[in-house]
Amino acid sequence: MSRIAARFKALAAEGRAGLVTYVMAGDPDAATSQTILDGLPTAGADIIELGLPFSDPMADGPAVQAAALRSLKAGGSTRKALAQLAAFRKTDQTTPVVLMGYYNPIYIYGPERFCRDAAAAGADGLIVVDLPPEEDAELRPFAQAAGLDLVRLATPTTDDKRLPTVLNGASGFLYYVAVLGVTGTRSAASDEVATAVARIRRSTKLPIAVGFGIKDAAGAAAIARHADACVVGSALVALSNKPASLHGLVRDLAAAVRGARTKQIA
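The opening residue of the sequence shown carries number 28 in my numbering; numbering runs sequentially from there.
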């Protein structure tokens, strides 16, 4: 069983949603980023998304864009992101890590080599934001051969006609983008998320993680009542120059997610 599958199985047994934390590799510099990454599981992260720095993103809002630029300015790269993950795996063999980024750096790196090196570094899955299902034939076989889950994105505009295409070949979990637009700019509406998650569940047994527009503990708790996991990114990378504060926010988010369904019942 993969680390991602094992984590969602454990979350289901606990009767709670998971907390997925997004941070950018190499932001604001290699040493600080390693401190941030290494401390996330203890702070309460159930799954980690590790961003690959890229200068021309499509879906990232101002906070994540700034994080990528800080990383690149400090010498960050795809290769160094994998090295950072490999260092993390020296002390943590259980927390799932999904690499999230764009296809251009993977294409330049070489899709087959990238998947092989990512798996060797300790990655469990990939989220490639700008690679639609119809165009992933040059990546998907190598990801599957390396044992990497290919996590797909669905949005509010993904209707019932489009959904089967998105789910074809998807594995690990489905990432539901709760708001239209870029990351960290609008707040997700929990009632709309509940309706969307219920609709998607009728088409897949994959766990559903919800992200974009979740900024604080209250927002995370609201989403955790409906989704299998909630994803927080922009609010965290905005604190990347203050690792202690970032880990403190993760602890607050984790506590909110863990208590969300219990408090709802009470």
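Each residue gets a CB set at the ideal place from its N, CA and C atoms; glycine is no exception. The structure displayed is predicted, hence computed values, not measured ones.
When the Cα atoms are used, what is the spatial distance from residue i to residue j?
i: residue 264; j: residue 53; result: 11 Å
i: residue 225; j: residue 189; result: 16 Å
i: residue 206; j: residue 223; result: 11 Å
i: residue 123; j: residue 102; result: 25 Å
i: residue 137; j: residue 145; result: 12 Å
i: residue 152; j: residue 287; result: 27 Å
i: residue 292; j: residue 284; result: The predicted position of residue 292 is uncertain, since its pLDDT is 46 and thus under 50; a value taken from the coordinates is nonetheless stated next. Roughly 14 Å separates the two Cα atoms.
i: residue 199; j: residue 233; result: 7 Å
i: residue 127; j: residue 289; result: 31 Å
i: residue 100; j: residue 78; result: 15 Å
i: residue 116; j: residue 35; result: 20 Å
i: residue 91; j: residue 28; result: 32 Å
i: residue 191; j: residue 147; result: 31 Å
i: residue 218; j: residue 187; result: 19 Å
i: residue 157; j: residue 165; result: 14 Å
i: residue 239; j: residue 261; result: 8 Å
i: residue 282; j: residue 255; result: 15 Å
i: residue 221; j: residue 175; result: 29 Å
i: residue 257; j: residue 135; result: 31 Å
i: residue 202; j: residue 268; result: 27 Å
i: residue 229; j: residue 193; result: 14 Å
Which one or two residues does DSSP pair with residue i in a beta bridge?
i: residue 76; result: 49, 125
i: residue 180; result: 202
i: residue 236; result: 202, 256
i: residue 155; result: 128
Hey, quick one: how far does the beta strand (DSSP E) through residue i stretch, first residue to last?
i: residue 133; result: Not the beta strand (DSSP E): residue 133 falls in the alpha helix (DSSP H), residues 130-136.
Give a yes or no on whether the minimum CB-CB distance between residue i and chain B is below 8 Å.
i: residue 252; result: Within the model displayed, chain B is absent; a lone protein chain is all it includes.
What first and last residue would you give for the alpha helix (DSSP H) that runs through residue i?
i: residue 269; result: Counting along the chain, residue 269 falls outside any alpha helix (DSSP H), and DSSP gives it neither H nor E.
i: residue 246; result: 244-251
i: residue 29; result: Per DSSP, residue 29 belongs to no alpha helix (DSSP H) and is neither H nor E.
i: residue 66; result: 57-70
i: residue 231; result: No alpha helix (DSSP H) holds residue 231; DSSP gives it neither H nor E.
i: residue 167; result: 167-173
i: residue 192; result: 190-194
Taking 7 Å as the cut-off, is the beta-carbon of residue i closer than that to any non-hydrogen atom of the ligand COA?
i: residue 252; result: As presented, the structure is devoid of all ligands, the ligand COA included, so that no description of it is given.
Taking 8 Å as the threshold, find out whether the region 57-69 comes into contact with the region 261-278 through three or more Cβ pairs.
yes
Counting pairs of Cβ atoms below 8 Å between the region 106-117 and the region 177-192, do you hit three or more?
no
Runs of 4 residues minimum, wholly inside the region 81-123: which ones carry the alpha helix (DSSP H) assignment?
89-100, 105-116
Validate contact between the region 87-104 and the region 33-41 using beta carbons, cut 8 Å, 3 pairs:
With a cut-off of 8 Å, the region 33-41 and the region 87-104 do not count as touching, because too few Cβ pairs lie within range.
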